[in-house]
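The numbering of the sequence shown is numbering that gives the first Met the number 0, which starts it at 0 and goes up by one.
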Amino acid sequence: MSTVTLPAARVSTRALLTGGIVAGPLYVAVWLIQALTRDGFDITRHPASLLANGGPGWIQTTNFVVSGLLCIGAAIGLRQRMTVGSPVVRGAVWGPRLVAAYGLGLLLAAAFPADPAAGFPVGTPADYAEISTRGLGHFVAGTIGFSGLIAACLVFGAHYRAAGRRTLARFSVVTGILFFAAFAGLSAGAGSRPTIIAFDLAVILGWTWITTICRDKR
Numbered sequence: 000m001s002t003v004t005l006p007a008a009r010v011s012t013r014a015l016l017t018g019g020i021v022a023g024p025l026y027v028a029v030w031l032i033q034a035l036t037r038d039g040f041d042i043t044r045h046p047a048s049l050l051a052n053g054g055p056g057w058i059q060t061t062n063f064v065v066s067g068l069l070c071i072g073a074a075i076g077l078r079q080r081m082t083v084g085s086p087v088v089r090g091a092v093w094g095p096r097l098v099a100a101y102g103l104g105l106l107l108a109a110a111f112p113a114d115p116a117a118g119f120p121v122g123t124p125a126d127y128a129e130i131s132t133r134g135l136g137h138f139v140a141g142t143i144g145f146s147g148l149i150a151a152c153l154v155f156g157a158h159y160r161a162a163g164r165r166t167l168a169r170f171s172v173v174t175g176i177l178f179f180a181a182f183a184g185l186s187a188g189a190g191s192r193p194t195i196i197a198f199d200l201a202v203i204l205g206w207t208w209i210t211t212i213c214r215d216k217r
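As structure tokens, then:
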């Protein structure tokens, strides 16, 4: 009886991309469950990063670590998939690297938690906005991660456009533009409710995009 075996590299690539598919829904689910159950947390006033504060803060920290590692693994899988054959397809080098940068940003966000702010966790003054060394590190982490995600969307947009896949090209570019607008609005809006809500939606959109490209390449 003959048996059919798959090359180890192919199985590994598929597993890595599956991790990328899972990363977004897992991150969003853990974030929203905490947002609905943590005392004093208001999803319209508090960004997800604040959940890393307080006694149960380790849950969000773990969420950052797990999703960051899955994202970096997905980037490796994307690179493996996109460099198969010759010539190498457009975006095969920088697209995965930029997705990995987003994953790195998540890991750095776990290492440098956001400062307490806007009354969270409970006991924090409503107008408290002090920036500590770790808070500055968190800002740098966000800049690295979100810039990587925005750029990755644009690179993959060019990749899909070159391949004649207009729907995915447009989805990628629109995601990058909207995420940039939401991140800029959050930075300029000093934590106003509209900018927090817009950024929350942009985060969900960004993870949806990662899930989509990983599923496409798997």
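Using N, Cα and C, we set each Cβ at its ideal position, and we do this for glycine too. Every value quoted in this text rests on a predicted model; they were computed, and no experiment measured them.
heavy atom of the ligand SAH below 7 Å from residue i C-beta
| i | result |
| --- | --- |
| leucine 77 | The ligand SAH is absent from the structure shown, which contains no ligands of any kind. |
Cβ-based burial, residue i [other Cβ within 10 Å; buried from 16]
| i | result |
| --- | --- |
| serine 131 | exposed |
| tryptophan 30 | buried |
| proline 6 | Per-residue confidence for proline 6 stands at a pLDDT of 48, beneath the threshold of 50, marking its modelled position as unreliable; the derived number appears in the next sentence. Answer is exposed; the Cβ neighbour count stays below 16. |
| isoleucine 212 | buried |
| proline 46 | buried |
| valine 98 | buried |
| leucine 148 | buried |
| tryptophan 57 | exposed |
| glycine 54 | exposed |
| alanine 125 | exposed |
Bridge-paired residues (DSSP) for residue i
| i | result |
| --- | --- |
| phenylalanine 119 | Ala116 |
Between the CA atoms of residue j and residue i - distance to the nearest angstrom
| i | j | result |
| --- | --- | --- |
| threonine 224 | arginine 217 | With the chain covering 0 to 217 only, the question about residue 224 has no answer from this structure. |
| threonine 4 | valine 83 | Legend: pLDDT at threonine 4 = 45, less than 50; position of this residue unreliable, value from coordinates given subsequently. Whole-angstrom Cα-Cα distance: 19 Å. |
| glycine 188 | phenylalanine 145 | 17 Å |
| tyrosine 127 | valine 88 | 49 Å |
| phenylalanine 40 | phenylalanine 119 | 6 Å |
| glutamate 129 | glycine 72 | 35 Å |
| valine 121 | aspartate 38 | 7 Å |
| glycine 18 | isoleucine 143 | 21 Å |
| phenylalanine 63 | alanine 108 | 7 Å |
| threonine 207 | glycine 23 | 7 Å |
| phenylalanine 198 | leucine 106 | 19 Å |
| alanine 117 | tryptophan 93 | 38 Å |
| cysteine 152 | leucine 25 | 21 Å |
| isoleucine 196 | alanine 113 | 18 Å |
| glycine 190 | phenylalanine 179 | 16 Å |
Nonlocal neighbours in the same chain, by C-beta distance under 6 Å from residue i, ignoring five residues either side
| i | result |
| --- | --- |
| glycine 156 | Ala168, Ser171, Val172 |
| threonine 123 | Pro115 |
| methionine 81 | Val88, Ala91 |
| proline 95 | Ala74, Leu77, Arg78 |
| glycine 175 | Ile149, Cys152, Leu153 |
Contact set for residue i: own chain, Cβ-Cβ below 7 Å, skip 5 residues either direction
| i | result |
| --- | --- |
| arginine 192 | Thr43, Arg44 |
| methionine 0 | Note that methionine 0 scores a pLDDT of 41, beneath 50, so its modelled location is shaky and nothing firm can be said. |
| arginine 214 | Ile20 |
| threonine 194 | Gly184, Leu185, Gly188 |
| phenylalanine 111 | Arg133, Gly136, His137, Ala140 |
| threonine 2 | In this prediction, threonine 2 has a pLDDT of 43, which is less than 50 and means its spatial position is unreliable; what the coordinates show is noted afterwards. Within the same chain, threonine 2 has no close Cβ partners at all. |
| isoleucine 203 | Val27 |
| valine 154 | Gly90, Trp93, Gly94, Leu97 |
| histidine 158 | Val88, Arg89, Gly90, Gly94 |
Close-in-space but distant-in-sequence residues of the same chain around residue i (CB under 8 Å, 5 per side omitted)
| i | result |
| --- | --- |
| glutamine 59 | Val29, Trp30, Gln33, Ala47, Ser48, Leu50, Ala51 |
| leucine 200 | Ala181 |
Can you confirm whether the region 132 to 139 touches the region 66 to 78 when touching is taken to mean that 3 or more C-beta pairs between the two stretches lie within less than 8 Å?
no
Check whether the region 101 to 110 and the region 61 to 72 touch, using three or more Cβ-Cβ pairs below 8 Å as the test.
yes
Using 8 Å as the cut-off, can you tell me whether the region 14 to 27 makes contact with the region 151 to 166, which would need three or more C-beta pairs spanning the two stretches below that distance?
no
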